[in-house]
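What follows is a set of notes on a single structure, which appears directly below.
Residue numbers (the working numbering): 17 to 95.
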């Protein structure tokens with residue numbers, strides 16, 4: 017079983033990495049881009065589990081380790 021976890025900063029949280037990339041793209045002539053937010057994708061391979069159980073376990077892992085839920089949101093995709 018494979019899953020992907022997408023972690024992004026909550027809106028309103030400053031994203032210095034996104035600002036730096038945005039500035040670089042603007043200086044390179046890509047001034048049509050209004051904003052960039054940088055996140056991360058985590059690919060997970062695991063034993064086959066019932067979908068509901070896999071979602072519950074992945075949510076627990078995200079809340080405990082993979083995402084700082086004070087500043088970040090996460091979504092889970094199970095393939």
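All C-beta atoms in this analysis are idealised placements derived from N, C-alpha and C, irrespective of residue type, glycine included.
- Between the alpha carbons of residue 53 and residue 24 lies a distance of about 8 Å.
- From the listed residues 26, 71, 42, the smallest Cα separation to residue 95 is found for 71.
- Runs of the beta strand (DSSP E) lying entirely within the segment 35 to 69 and spanning at least 3 residues, in chain order: 56 to 61.
- Annotation for residue 25: the continuous beta strand (DSSP E) segment containing it runs 18 to 25.
- Under the three-state reduction of DSSP, residue 79 is assigned to helix.
- Listed in chain order, the non-local C-beta contacts of residue 74 below 8 Å within the same chain comprise 19, 21, 60, 92, 94, local neighbours out to five positions each way being set aside.
- Burial check for residue 83: the Cβ neighbour count within 10 Å reaches 16 or more, so the residue is buried.
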